[in-house]
Amino acid sequence: MLRNVPLRFLALAGSLTLLAACGEPPAPPLTAPPGASASPGPGASGPVVPLPSGYPTGVLPPGALPTGVLPTGVLPPGALPTVPPYVPPFVPPATLPPVTTTPPRTTPPPTSTVSPAAQCPASGPTKAQVLAVLVGLPGIPAKELEVVEGPFCSGSWQFTEVRIADEAKAERLFVVTTGKPATLKVIEAGTDVCSTDVQTKAPARIRVRACGA
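Residue numbers for the sequence shown follow our numbering, beginning at 939 and rising by one.
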């Protein structure tokens, strides 16, 4: 049946067969318009601003990056790990030795080197003569008194301890007298006889009896 087909029809049929086998020819690649920069790489967002002439390579001028766009390799704010503040190591304070406080010394009162007055001699005065001058004195009980100790003599001064008779627990009274046995004069009588007159006028041995020093 193909014998009567002209050769030109066979050539045309072969060309159509080749075109059908190869499909549609590929489209030519797109080219960027003159002056346009290269498209951003994968993962970039926003336009890339070209560097001005004469600016050093790798350094971006101020304001060259649009908001929200960072160059590759630059971490956004907050991406760096937080470094805790430096805390110096604790150094315990040096242990000081305990402070020993010495209490102040209390100086006792000086001890008198003077001996107290001794018992009066036989020439007096007697106990009865001392009790006689106490009768009716203010502050002296209007009761019978008795001599407990004394009288003790030093010069013309005497010191005597008396109390209410027959009352062993009664409070003692002290009597300081001066003068001759027959004419005694009471200087002090009571529970405390260390008066100014006794301290300034009485002999030292009488002051030891009356004042303790």
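Glycine included, C-beta positions come from ideal geometry on N, C-alpha and C.
These numbers come from a predicted model, not from an experiment.
Q. What are the residues that DSSP puts in a beta bridge with residue 1123?
A. Per DSSP, the beta-bridge partners of residue 1123 are 1116.
Using CA coordinates, which residue listed in 1068, 1137, 1146 and 1110 is at the minimum distance from residue 917? Residue 917 lies beyond the residue range present for the chain, which begins at 939 and ends at 1151; the question has no answer from this structure.
For residue 1101 and residue 1109, the rounded distance between their alpha carbons:
Cα to Cα, residue 1109 sits roughly 6 Å from residue 1101.
- Among 1132, 1089, 1129 and 1106, which has the Cα closest to the Cα of residue 1122? Checked all of 1132, 1089, 1129 and 1106; the closest Cα to residue 1122 is 1089.
Go to residue 1069, then tell me how far its alpha helix (DSSP H) extends in each direction, as first and last residue. Judged by DSSP secondary structure, residue 1069 falls within the alpha helix (DSSP H) whose first and last residues are 1065-1070.
Checklist entry - Going by alpha carbons, who is nearest to residue 1075 out of 1093, 1126 and 1066? => result Of 1093, 1126 and 1066, the residue nearest in Cα terms is 1126.
If you draw a straight line from the C-alpha of residue 1135 to the C-alpha of residue 1104, how long is it? Note on geometry: alpha-carbon atoms of residue 1135 and residue 1104 lie some 32 Å from one another.
- Message: So, does the region 1057-1071 touch the region 1021-1032, judging by three or more C-beta pairs under 8 Å?
- Response: With a cut-off of 8 Å on Cβ pairs, the region 1057-1071 is not in contact with the region 1021-1032, counting fewer than three such pairs.
By how many angstroms is the C-alpha of residue 1091 removed from the C-alpha of residue 1056? Approximately 6 Å between the Cα atoms of the pair.
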